[in-house]
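Student:
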Amino acid sequence: MSLSTLSPAACSVVQPLLPVVGARTRVPLATGGEAVYANLDNAASAPALQTVADRVARVLPHYASVHRGAGYLSRTTTALFEQAREQVGAFVRARPDDVVVFTRSTTDALDLLSRAVPAGAEVLVADVEHHANLLPWQRSARTTVVRGGTDAEETTALLEAGLATGRYAVLAVAGASNVTGEVLPLRRLARAAHAAGARIAVDGAQLLPHRRVDVAADEIDWIALSGHKLYAPFGSGALVGRRDWLDAAEPYLAGGGATLDVSHDAVRWAQGPDRHEAGSPNVVGAVALAQACATLSALPAGALEAHETALRDRLVAGLTALDGVAVVRPHPGDAVGVVTFTVPGQEVSKVAAYLSAEHGIGVRDGRFCAHRFANSLGLVEGGLRASTGVGTGTADVDRLLAAVEQFLTSGPELEYGIVDGHWGPLHDLRPAPERFLDSTREPG
Ligand code: PLP
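If you read the sequence shown in numbering that gives the first Met the number 0, its first letter stands for residue 0, the second for the next number, and so on.
1) Classify G301: buried if its beta carbon has 16 or more other beta carbons within 10 angstroms, exposed otherwise.
2) Does the stretch 319-332 come into contact with the stretch 398-418, if we say contact requires no fewer than three beta-carbon pairs (one atom in each stretch) closer than 8 angstroms?
3) Got a sec? Which residues, its chain only, sit under 6 angstroms from S64 by beta carbon, not counting five neighbours each side?
4) Go through the stretch 83-127 residue by residue and report every complete run of the beta strand (DSSP E) that reaches 3 residues or more, in order.
5) Looking at the ligand PLP, does it come within less than 7 angstroms of Q405, judged from the CB to the closest heavy atom?
6) Just to confirm, does S104 get its C-beta within under 7 angstroms of one of the non-hydrogen atoms of the ligand PLP?
7) On the DSSP bridge list, what partners appear for D40?
8) Within the same chain, show all residues whose beta-carbon is closer than 6 angstroms to that of H66, passing over the 5 residues directly before and after it, in chain order.
9) Taking V98 and R242 to be in contact with their CB atoms under 8 angstroms, please state how far apart those CB atoms are, rounded to whole angstroms.
10) Along the chain, which unbroken stretches of the alpha helix (DSSP H) at least 4 residues long are found entirely within the stretch 218-304?
11) Put R366 into one of helix, strand or coil per three-state DSSP.
12) Could you check if S3 is buried or exposed, using at least 16 other CB atoms within 10 Å of its CB as the buried criterion?
13) Would L109 pass as a contact of P135 if the rule is Cβ separation under 8 angstroms?
14) Roughly how far, in whole angstroms, is the beta-carbon of A191 from the beta-carbon of D220, given that I think they are within contact range, below 8 angstroms?
15) Residues bridged to F340 by DSSP?
16) Helix, strand or coil, according to DSSP, for E159 in the structure here?
17) If we ignore side chains and look at the alpha-carbon of each, how far apart do Y512 and D437 end up?
18) Could you tell me if the beta carbon of S113 falls within a distance shorter than 7 angstroms of some heavy atom in the ligand PLP?
19) Quick one: what's P424 bridged to in DSSP?
20) Please list, in chain order, all residues of the same chain as A115 whose beta carbon is under 7 angstroms from its beta carbon, the five residues on each side excluded.
21) May I ask you to check if the CB of D40 is nearer than 7 angstroms to at least one heavy atom of the ligand PLP?
22) Report the CB separation of L133 from T154 in whole angstroms; it is logged as a contact under 8 angstroms.
23) Once DSSP output is grouped into helix, strand and coil, what is the label at V178?
24) Taking 8 angstroms as the cut-off, decide whether the C-beta atoms of A334 and R366 are in contact.
25) Tell me whether N132, by its Cβ, gets closer than 7 angstroms to a heavy atom of the ligand PLP.
26) Is it the case that the Cβ atoms of S386 and D40 are separated by a distance below 8 angstroms?
27) Given a cut-off of 8 angstroms, decide if V239 and A37 are closer than it, judged by their beta-carbon atoms.
28) Decide if E433 is buried, meaning its Cβ has at least 16 other Cβ atoms within 10 Å, or exposed.
29) Within a Cβ cutoff of 6 angstroms, which residues of the same chain sit near P15, ignoring the five residues on either side of it in sequence?
30) Considering V19, what are the terminal residues of the beta strand (DSSP E) in which it resides?
31) Please classify S3: does DSSP put it in a helix, a strand, or coil?
32) E304 to G254, Cα distance in whole Å?
33) Going by the C-beta, is A45 closer than 7 angstroms to any heavy atom of the ligand PLP?
34) Do the stretch 200-218 and the stretch 262-269 touch if we need at least three Cβ pairs shorter than 8 angstroms?
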């Protein structure tokens, strides 16, 4: 593949947009030697922003008990936690009366919301969803799963048609697909939902790392997000949105912090976020998430989109130009930096193992926790997914393209087979992953 075959947009050289921790971490190669890790698996979990790591280091010496303590640092910690709540709400431009519930992740947030849907209410969801936005609804509510279309426009039209029946109380939809990167028109869907008397719950896990969302202006009722996909991998996520159903629902967890009063024969539960945050909250995770939100918010308008569009275009154009590679829905309209492809005739797990073992490149392979969608795209045996983030530059994309091209033209240098239940090189010079940290020096 030569760069002269790429479009002008795909030819532009792009540097990482923001510093991330570990950008220069070197990993061992199975062939001997080492390479700087090329992280093209941001859609699964993104590295920490440097600002996030700095904030966590700054906060830790001031960390103490939250909510209950009278000590000065307890009060400081409580203030940090509540400020984090406001910052996360501001990041998605929540309405003043919206609630921000801290959760462990998007999965946790959507599970909570699915349990708050009033009894008998019906939910509409398309089969293009990640399991996190499919299975909780199927378990907790009366849910109709419709087949998605051949692109985001068709899926939107199918959802609109479903809503128009007037049967549904909730439309649950992802802002961006974790398989194709396709972005759905949220404002349009929110309006269709409201016109039909329904509410809209958005899985923001893949959208929010790439796009600014305006919950109030887009008329979104709830949005769920994950810190580890937003460059804050400290175990926190959030559900943001309307409080009425959440205040009326059973507390998500029963325990301390969620109650106003507990007597011998009765419990008075709190309302607002406390109701669903029983137990000691993950203050450091919340602070980290809020810092990531603040850092992304401070980027100039359009910077995120321009950065990732250039990288995505280069990825799609470069992969498409390779004979022997099939890109899944290469021209989907608006899309985030998530590109899925296959090398027909080759096991995806073998290709992923080769990219890691011989080139130090991290991608995801499989059906990406979206089995129904993957199957309908013909990825029954799985696909390879390359995903970019603010720490990605053209050099990472080019390394992937060159490595795939080498695979196709000369084949892998090593022999591969199933080792310990996974595809891998049969002779591997790398230390076992569990010994890697101890065998290496601090990254420079
Ligand atoms: N929704 C989408 C679209 C995702 O891609 C993912 C994770 O890959 C999730 C939800 C679940 O996120 P988490 O694992 O942080 O709960």
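The beta-carbon is built from N, C-alpha and C at its ideal position, and this holds for glycine as well.
Tutor: This is what the structure gives:
1) Flag for G301 reads exposed.
2) Yes: at least three Cβ pairs fall under 8 angstroms.
3) Taken in chain order, the residues that qualify are S73.
4) The qualifying runs are 98-102 and 121-125.
5) No - the ligand PLP has no heavy atom lying nearer than 7 angstroms to the Cβ of Q405.
6) Yes, the ligand PLP has a heavy atom inside 7 angstroms of this Cβ.
7) S386, per the DSSP bridge assignment.
8) So the qualifying residues of the chain are T77.
9) Beta-carbon to beta-carbon, V98 and R242 are separated by about 4 angstroms, close enough to satisfy the 8 angstroms threshold.
10) 243-247 and 282-296, all fully within the stretch 218-304.
11) In this structure, DSSP gives R366 a state outside helix and strand, which the three-state scheme calls coil.
12) Unreliable placement is indicated for S3, whose pLDDT of 49 sits below 50; no coordinate value is reported for it.
13) With respect to the 8 angstroms criterion, L109 and P135 are classified as neighbours on the basis of their beta carbons.
14) That belief does not hold up - the Cβ atoms of A191 and D220 are roughly 13 angstroms apart, past 8 angstroms.
15) The partner list for F340 (beta bridge, DSSP) reads V326 and L383.
16) Note: E159 maps to helix in three-state DSSP.
17) Absent from the structure is residue 512, since the part of the chain shown begins at 0 and ends at 443.
18) Taken from the Cβ of S113, every heavy atom of the ligand PLP lies 7 angstroms or farther away.
19) According to DSSP, which records beta bridges pairwise, P424 is partnered with Y415.
20) Closer than 7 angstroms at the Cβ level, and outside the excluded window around A115, lie W244, L245 and A248.
21) No, the ligand PLP has no heavy atom inside 7 angstroms of this Cβ.
22) Incorrect: roughly 14 angstroms between the Cβ atoms, too far for contact.
23) If DSSP states are grouped into helix, strand and coil, V178 belongs with coil.
24) Cβ distance not < 8 angstroms, so A334 and R366 don't count as in contact.
25) Under cutoff, so the answer is yes.
26) Yes, these two residues count as a Cβ contact at 8 angstroms.
27) Between A37 and V239, the C-beta spacing is not below 8 angstroms.
28) Flag for E433 reads exposed.
29) Here the set comprises G390 and G392.
30) No beta strand (DSSP E) contains V19, which DSSP labels as neither H nor E.
31) Summary for S3: the model assigns pLDDT 49, below 50, so the residue's position carries little reliability; its value from the coordinates is reported in the next sentence. Judged by DSSP in its simplified three-state form, S3 adopts helix.
32) When the Cα atoms are used, E304 and G254 turn out to be separated by approximately 42 angstroms.
33) Incorrect: A45 has no Cβ contact closer than 7 angstroms to the ligand PLP.
34) No, because fewer than three Cβ pairs between the stretch 200-218 and the stretch 262-269 fall closer than 8 angstroms, the two stretches do not touch.
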